[in-house]
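Trainee: Under the working numbering, the first residue of the sequence shown carries the number -14, and numbering increases by one thereafter.
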Amino acid sequence: MSNPTPYTNWTSQHIQFMSHALQLAQRAQGHTSPNPMVGAIIVRDGRVVGQGFHAQAGQAHAEIRALEEAQQLAVGATMYVTLEPCSHHGRTGPCTEAIVRAGIKEVIVAMLDPNPLVQGSGIARLQEAGIETKLGLLGDEAAELNEAFVTYITKKRPFIHFKTAMSLDGKVACHTGKSQWITGEAAREEVHRLRSLHDAIMVGIGTILADDARLNVRLSKHSDDQPVGTGDPIRIIVDSQGRLPLSARCLDGAGDDATVIVATTEMSTPSFRKALRDRGVRVWVGEPVNGRVPLKTLLYDLALFHITNIFVEAGPTLAGSLFDAQLIDRMTVFIAPLILGGAQAPSPVAGVGADTPDLGQKLHNIKTASFGNDIMITGQLGKG
């Protein structure tokens, strides 16, 4: 099966239409897991006659929504779609067949679907039906939009987004262990919005013992142009030795309105694990590696339950283990204009670390934003 060579002779109008499709796709951020976000528009005589996006897993795909809106105006028109149309039967029928039936003349695709069930076959089916296809328009932007889906499909584990907040001198807590609050209200509000966009939130036992964190979403306000998710993410606590108190607030609602997973090892006691299960907690037990939870095995198992992305708000120990294993895919740092000092005050990442600066893990596709007096830096990384 041959895929088309990425097209390069794009016009400003091409870019404008695909940008519109990407904006549509982003409107569903936090709602489509384990499916990707997809937007589609149909253009005829330079005018948009149909548009749609995939709003939620199990609902109509973006291409179908756009075709329903365009109706007969789809005949002889061009479709812009942010991800290769599917050619297989899943929860819904193949989009390629609907496109062929509608009489679309040309399909412009931002990126191939990384799913082996589709990868290239969607475009091949359109070409077989005589529909002209072009690939690669704003492909990098489309791949970044669906970075979690791409990781989940290609690496067979959840996408890991590590977030931390630190002072200007790189401390995540005072030498006393106190950390609330380093950043201001606006930054904390953004953290809760980010939580809402992920399937799960993960912390280490140290975070629970220090802060008794609830690990839920508490949004007081958000702007209409900032997507938010459907509610509280799954709570995952990494606790190798079984130190989690049964009174911890993160266990509230377990088994009822909240899914709570405690990842532990055989170093925890059977009575500890039974007590958690009696509370409605899902207990994952792994063979300890250097006295700790085997993170790669844990992540691969979580992917089997269709957890595609995890927001990690861990302290230095868990963060260090994830970095050492090169399991971090995105890092977001909130930096406060505050000096904490203290030689013993912790920094965001422990672990073994890099031997020399050139071996450090580098962020790319970096973006910055301000929230009150705090600065946010986010970027992609990760090889695991």
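Every residue gets a Cβ at the ideal spot worked out from N, C-alpha and C, and that includes glycine.
Grab the span of the alpha helix (DSSP H) containing residue 4 for me, first residue to last.
Mentor: Residue 4 -> alpha helix (DSSP H) spans -3 to 11.
Trainee: Note down the Cα distance separating residue 291 from residue 15, rounded to an integer number of angstroms.
Mentor: The alpha-carbon atoms of residue 291 and residue 15 are separated by roughly 14 Å.
Trainee: Output yes if chain B places a C-beta closer than 8 Å to the C-beta of residue 166; else output no.
Mentor: Protein chains in the displayed structure number just one, and chain B is not present.
Trainee: Can you give me the C-alpha to C-alpha distance between residue 110 and residue 196, rounded to a whole angstrom?
Mentor: Approximately 54 Å between the Cα atoms of the pair.
Trainee: Count the C-beta pairs between the region 313 to 330 and the region 153 to 172 that are closer than 8 Å, then say yes if the count reaches three, no if not.
Mentor: Segments in contact, yes.
Trainee: Please confirm whether any heavy atom of the ligand GDP lies closer than 7 Å to the CB of residue 61.
Mentor: For the ligand GDP, the structure offers nothing, since it holds no ligand at all.
Trainee: Under the assumption that residue 308 contacts residue 361 (Cβ atoms under 8 Å), give the Cβ distance between them as a whole number of angstroms.
Mentor: Residue 308 to residue 361, Cβ: 19 Å. No contact.
Trainee: So what's residue 135 in DSSP terms, helix, strand or just coil?
Mentor: Three-state result, residue 135: helix.
Trainee: For a minimum of 3 consecutive residues, which ranges assigned as the beta strand (DSSP E) are wholly contained in the region 2 to 88?
Mentor: Fully enclosed beta strand (DSSP E) runs of 3 or longer: 24 to 29, 32 to 38 and 63 to 66.
Trainee: Out of 188, 266 and 28, which has the shortest C-alpha to C-alpha gap to residue 303?
Mentor: It is 188 whose Cα lies nearest to the Cα of residue 303.
Trainee: Answer with buried or exposed for residue 60, where buried requires no fewer than 16 other C-beta atoms within 10 angstroms of its C-beta.
Mentor: Exposed, since its Cβ has fewer than 16 Cβ neighbours within 10 Å.
Trainee: Is the distance from the Cβ of residue 20 to the Cβ of residue 42 below 8 Å?
Mentor: Yes; because the gap between Cβ atoms is below 8 Å, this pair is in contact.
Trainee: Mind checking which residues open and close the beta strand (DSSP E) that includes residue 347?
Mentor: Unbroken run through residue 347: none, as it is neither H nor E.
Trainee: Let me know if residue 352 comes out buried or exposed under the rule of 16 or more other beta-carbons within 10 Å of its beta-carbon.
Mentor: With fewer than 16 Cβ atoms within 10 Å of its Cβ, residue 352 is classed as exposed.
Trainee: Note down, in chain order, each residue of its chain lying with its Cβ closer than 8 Å to the Cβ of residue 355, except the 5 sequence neighbours on either side.
Mentor: Closer than 8 Å at the Cβ level, and outside the excluded window around residue 355, lie 361.
Trainee: According to DSSP, residue 359 sits in a beta bridge with which residue or residues?
Mentor: Per DSSP, 356.
Trainee: Helix, strand or coil, according to DSSP, for residue 186 in the structure here?
Mentor: Strand at residue 186.
Trainee: Got a sec, what are the start and stop residues for the alpha helix (DSSP H) residue 282 sits in?
Mentor: Here the alpha helix (DSSP H) through residue 282 covers 280 to 289.
Trainee: Measuring only the C-alpha atoms, how far is residue 321 from residue 315?
Mentor: Roughly 20 Å separates the two Cα atoms.
Trainee: Return the residue from the list 122, 284 and 359 that minimises the CA-CA distance to residue 317.
Mentor: Residue 359 is the option with its Cα nearest to residue 317.
Trainee: Identify which residue in 107, 135, 68 and 87 has its Cα closest to the Cα of residue 122.
Mentor: Checking every option, the nearest Cα to that of residue 122 belongs to 68.
Trainee: Leaving out the 5 sequence neighbours to the left and right, which residues in its chain are closer than 8 Å to residue 305 when beta-carbon positions are compared?
Mentor: Cβ within range, chain order: 334, 335, 336, 337 and 338.
Trainee: Exposed or buried, residue 345, counting other C-beta atoms within 10 Å across all chains shown (16 or more means buried)?
Mentor: Counting Cβ neighbours within 10 Å, residue 345 comes out exposed, since fewer than 16 surround it.
Trainee: Hey, residue 145 and residue 312: beta-carbon distance below 8 Å or not?
Mentor: Contact flag set, yes.
Trainee: Could you give the distance in angstroms between the alpha-carbon of residue 199 and the alpha-carbon of residue 268?
Mentor: Approximately 18 Å, taken between the alpha carbons.
Trainee: Would you report the Cα separation of residue 149 and residue 0, rounded to the nearest angstrom?
Mentor: Approximately 35 Å between the Cα atoms of the pair.
Trainee: Which of the three DSSP states is assigned to residue 104 in this structure?
Mentor: Residue 104 falls in the coil class under three-state DSSP.
Trainee: By alpha-carbon positions, which one of 202, 70 and 233 ends up nearest to residue 107?
Mentor: It is 70 whose Cα lies nearest to the Cα of residue 107.
Trainee: Kindly provide the ranges of any beta strand (DSSP E) runs that are 3 or more residues long and lie completely inside the region 229 to 304, ordered along the chain.
Mentor: Listed in chain order, they are 245 to 250, 267 to 271 and 294 to 297.
Trainee: Grab me the residues of residue 40's own chain with a C-beta within less than 7 Å of its C-beta, minus the 5 sequence neighbours each way, in chain order.
Mentor: Within the same chain, residue 40 has close Cβ partners 13 and 16.
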